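Position one of the first sequence corresponds to residue 1 (full-length UniProt numbering), numbered consecutively onward. Down below is the structure, laid out as structure tokens.
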Amino acid sequence: MTEPHYLKGLNEPQREAVTTINGPLLIIAGAGSGKTKVLTTRIAHLMANGVDAFNILALTFTNKAAQEMKERVEKILGNNDARNLYIGTFHSVFARILRGEAHKLGYPANFTIYDTDDSRSVLKTVINELNLDDKHYKPNIVHNRISAAKNALVGPAEYATDYYIQQEDMRANRPAIAQIYAAYAARCFKNGAMDFDDLLLKMYELLKTHHDALHKYQTKFKYILIDEYQDTNPVQYQITKLLAAMHENICVVGDDAQSIYSFRGATIENILQFQKDYDDVKLVKLEQNYRSTDTIIKVANEVIKNNKGQIPKLLWTENATGEKIKLVRTMTDNDEGKFVADTIQEQKLRNHYENKDFAVLYRTNAQSRSFEESLRRMGIPYKIYGGLSFYQRKEIKDYIAYLRLIVNTKDEEALKRIINYPVRGIGKTSLEKAVIIANEQNTTLFEVLQSAAANGFKGATLEAMQNFVTMIRYFQTLMATNNAYDVAVQVGKHTNLVKELFNDKTTEGLARYENVQELLNSIKEWTEMPDNEDGEMVDKSLGSYLQQITLLTDADKDNDPDADSVKLMTIHAAKGLEFKCVFVGGIEETLFPNAMSINSREELEEERRLFYVAVTRAKEKLWLSYANARYRFGSLVQNEPSRFLEEMPDSLLDKTYAGGGARNNAGNGFNNGSAFARMQRGMGYSDVDAAEKKYGPPPAKKASSKPSYMPATPPPPKVVEHIPSANFEPSDPHDMEAGQTVEHQKFGFGKIVKIEGGAHNPIATIQFQHNGEKKIMLNYAKIRIVQQ
DNA sequence: AAGTCGCGGCTTTTT
DNA sequence: GCCGCGACTT
1 MTEPHYLKGL NEPQREAVTT INGPLLIIAG AGSGKTKVLT TRIAHLMANG
51 VDAFNILALT FTNKAAQEMK ERVEKILGNN DARNLYIGTF HSVFARILRG
101 EAHKLGYPAN FTIYDTDDSR SVLKTVINEL NLDDKHYKPN IVHNRISAAK
151 NALVGPAEYA TDYYIQQEDM RANRPAIAQI YAAYAARCFK NGAMDFDDLL
201 LKMYELLKTH HDALHKYQTK FKYILIDEYQ DTNPVQYQIT KLLAAMHENI
251 CVVGDDAQSI YSFRGATIEN ILQFQKDYDD VKLVKLEQNY RSTDTIIKVA
301 NEVIKNNKGQ IPKLLWTENA TGEKIKLVRT MTDNDEGKFV ADTIQEQKLR
351 NHYENKDFAV LYRTNAQSRS FEESLRRMGI PYKIYGGLSF YQRKEIKDYI
401 AYLRLIVNTK DEEALKRIIN YPVRGIGKTS LEKAVIIANE QNTTLFEVLQ
451 SAAANGFKGA TLEAMQNFVT MIRYFQTLMA TNNAYDVAVQ VGKHTNLVKE
501 LFNDKTTEGL ARYENVQELL NSIKEWTEMP DNEDGEMVDK SLGSYLQQIT
551 LLTDADKDND PDADSVKLMT IHAAKGLEFK CVFVGGIEET LFPNAMSINS
601 REELEEERRL FYVAVTRAKE KLWLSYANAR YRFGSLVQNE PSRFLEEMPD
651 SLLDKTYAGG GARNNAGNGF NNGSAFARMQ RGMGYSDVDA AEKKYGPPPA
701 KKASSKPSYM PATPPPPKVV EHIPSANFEP SDPHDMEAGQ TVEHQKFGFG
751 KIVKIEGGAH NPIATIQFQH NGEKKIMLNY AKIRIVQQ
């Protein structure tokens, strides 16, 4: 028997993973171990052995990954049978299923999908209606809490009665969250809307409560594959368990070392539980890395071994040793940005890299700014993933709100957003009145507007409401016979939305107009794209469009993935990706590991896994950088180098200094003095000596440096010099309170006037003897309590 | 009713 | 340092 061509080039464990067709299969796949190749080849192998694509469900982490896998399967098989695969993210696959089944749960088929902003907005409304203070019950805090509950399969009733949960809410002084949760869930239902978590939760409910639906999908999905299994949460686990129960042909792929989403309920327990839930789970480990140099792999291994509790495995590679990892210290975050831009320029010239070979990774979105600025200044094309997305822009949200309302008039969030935009004379007062009536009559806001006369509205307001309703109704008739794009164009015309923006000739107005045009183009593109995935229907309706648009991940929104540009993103967003050259920035205590995560072993280990993910994105070259000080909340804050840096062996590192102004950096061999160290001392930086001891003297500024490369950082304001006492030992911020006499490392002695800002980030107002009154962030400043 | 100004809160990470 | 919100203005 001849071996199928696609098995050639697979190593032994890969081959085993691919050819194990039946039964539960757990693949532990280290970073860069050919996981995607295994998954796609396995799907191809299933199909080559007679499995119908209709019977395969594959759950991936992004829709883009799904698309790519589909294409690769088609390539392997040399036909287009793969188009019938059911493949996508958990959220988009379930949204698609729910669209057909929503009526069973009392939702309209065209249910709206609320993104995080929508959820918070609804929460704010609900919180105010319950006469609670939204300053205390902050919508995002409440939302996180509700989201966590949903992901753990805890409904409102159980939430209210669970002793442990209630204790937690009591301790946080937020006892009414249970009440808010119930009201929020009811409001979403009334609005005909599901939030992100509902897409999972309602899918679970559907399978749990509707036996016919369970049977239908169990029968359909004879083979199930799940990627990034370490990042699944309990709802996802339960859903896939239900779906797989009939055939038990379930293959999950994950790497516990890359589990980085516990904050949204993911747990690697799912991997361990998997082995308990099924009999005879076959375990395959993919440990050979094909992506990175040996040095990168060694460093990654060294760091991750500091975590306790892992599934035993060792990543190894036959790849070349490669260069040492460049560990770079800079003075400020702006210098860090300049260093990255300079180095990219240099590497392009010297080693013929292209822009797209580079990625800049960071812990928080806020860090993108300094990189962005430097790259722009150097004229290097770049693209930022994440942060404020296209669809979060006001003008886009407004436009989409119209489309949402047309599809689902129950969607109160959408209605409120556009009822008076553009201005049509339905002001705040009238709207509030209508909301009250809707709540009293337990009907929707749109229905109140529809019977505005009967509800006592008069004159111009009445007329405006009637016109508005008539217009929306008109769009709905269009929708019955037109595709998403045609309806969207008509909306723009009739509402004057487009004209209004067109007439705004300011720069921002112009940008907004262009954004709306881009939106229309993208709708057009979507409408014209062939979409016969399951061969059942070609649905180019507005409702279908809206449901998929909300679920696009950042990677999916990249409309030109082949563009030659440097890529900037958080490490989370870089999961599953690889780049020839990687910069990881801001590797400092309080940033990475993040200050929020240093209080428990679990959280710290997740930060370390995140660091591991960052490092293993690099194929050829890796730069790790940290700044002595960086701007945070508008002021310069000093940070220690990250503890993770100490976990890497010196022998694999190439430590350099790239202070503000150094044009040339890594490995340039300069070593003629320490002008920068002196300059830093003069500017009041205190950690230069320590850093020099640790990392050796920094190379001096290159004599020919252009003035434009001088530090952009203004010198800190003059302070009256204070020499800390000999026994200076910073006190715990939690021990500080108003009235105490304290000593600040730099500002000297003073008295705490008051402390604000909550326990997580206390800010003290301190009256100093010689330096006036200052606001000090206690988490960062070094302050000693002198006298209670 | 709409626009302007100043204050405060914010920074984890995302579907 | 930026964005959103509320208060205040026209």
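C-beta: ideal position from N, C-alpha, C; glycine also. In this text the structure is predicted, and so the values were computed from the model without any measurement.
Assigned exposure category for residue i - 16 Cβ within 10 Å defines buried
i: H572; result: buried
i: Y163; result: exposed
i: T429; result: exposed
i: H143; result: buried
i: A460; result: exposed
i: F475; result: buried
i: P234; result: buried
i: E620; result: buried
i: V720; result: A caution first: V720 carries a pLDDT of 43, below 50, which makes its placement in the model unreliable, though a value can still be read off. Exposed, since its Cβ has fewer than 16 Cβ neighbours within 10 Å.
i: E440; result: exposed
i: M648; result: buried
i: residue 789; result: The question about residue 789 has no answer here: the residues shown for the chain are numbered 1 through 788.
i: N521; result: exposed
Residues sharing a beta bridge with residue i, DSSP
i: N289; result: T317
i: G88; result: L59
i: S635; result: R632
i: I72; result: Reading off the sequence, residue 72 comes out as Arg, not Ile. DSSP lists no partner for R72.
i: T656; result: V328
i: Y362; result: T570
i: V154; result: Per DSSP, none; premise fails for V154.
i: Y421; result: None; Y421 has no bridge partner.
i: T295; result: In the DSSP output, where bridge partners are listed per residue, T295 has none listed.
i: Q787; result: T741
i: V487; result: Bridge partners of V487: none, in fact.
i: L283; result: L26
i: V253; result: I27
i: K383; result: K567
i: I224; result: L57, I250
i: K505; result: Looking at the DSSP assignment, K505 forms no beta bridge with any residue, so it has no partner.
i: P641; result: E588
Same chain, Cβ closer than 6 Å to residue i, five either side skipped, listed in chain order
i: D169; result: P175, I177
i: V469; result: L449, Q450
i: Y114; result: A193, D195
i: T317; result: N289, D294, I297
Supposed contact pair residue j and residue i - C-beta distance, whole angstroms, cut 8 Å
i: residue 790; j: N307; result: No answer is possible for residue 790: the residues shown for the chain start at 1 and end at 788.
i: L327; j: L653; result: 5 Å
i: D560; j: K64; result: No, D560 and K64 are not in contact; Cβ-Cβ is about 13 Å, not under 8 Å.
i: M203; j: I97; result: 7 Å
i: A213; j: Y181; result: That belief does not hold up - the Cβ atoms of A213 and Y181 are roughly 26 Å apart, past 8 Å.
i: G192; j: T112; result: 6 Å
i: V435; j: L449; result: Not really, about 11 Å apart at Cβ, beyond 8 Å.
i: E588; j: P641; result: 6 Å
i: E16; j: V284; result: 5 Å
i: A464; j: I426; result: 5 Å
i: L542; j: I437; result: Not quite, the Cβ-Cβ distance comes to about 28 Å (not below 8 Å), so this is no contact.
i: T41; j: V18; result: 5 Å
i: F339; j: S625; result: 6 Å
i: E336; j: G30; result: No, E336 and G30 are not in contact; Cβ-Cβ is about 30 Å, not under 8 Å.
i: I380; j: Q347; result: So it is not a contact: roughly 11 Å between Cβ atoms.
Beta-carbon contacts of residue i that lie in its chain and below 8 Å, excluding the five residues immediately before and after
i: D256; result: I28, Q230, I268, I271, Q310, I311
i: V93; result: L57, L59, Y86, I87
i: N55; result: K220, F221, K222, Y223
i: I304; result: A257, Q310, R608, R609, Y612
i: S544; result: R99, A484
i: S121; result: P139, E413
i: L431; result: K416, I419, N420
Cβ neighbours of residue i in the same chain (closer than 7 Å, five flanking residues each side left out)
i: G682; result: Model confidence at G682 stands at a pLDDT of 25, short of 50, so the residue's coordinates are unreliable; what they give is reported in the following sentence. Same-chain partners within the cutoff: there are none.
i: L519; result: I396, Y399
i: residue 791; result: The chain is shown from 1 up to 788; residue 791 falls before or after that span and cannot be answered.
i: G669; result: Its pLDDT being 29, under 50, G669 is placed unreliably in this model, and the coordinates cannot settle the point.
Alpha helix (DSSP H) segments (min. 4 residues) lying fully within the stretch 546-632: Listed in chain order, the complete alpha helix (DSSP H) runs (minimum 4 residues) inside the stretch 546-632 are 601-615.
Start-end ranges of the beta strand (DSSP E) lying completely within the stretch 94-138, minimum 3 residues: 112-114
Inside the stretch 138-201 only - alpha helix (DSSP H) runs reaching at least 4 residues: 139-151, 156-161, 163-171, 177-190
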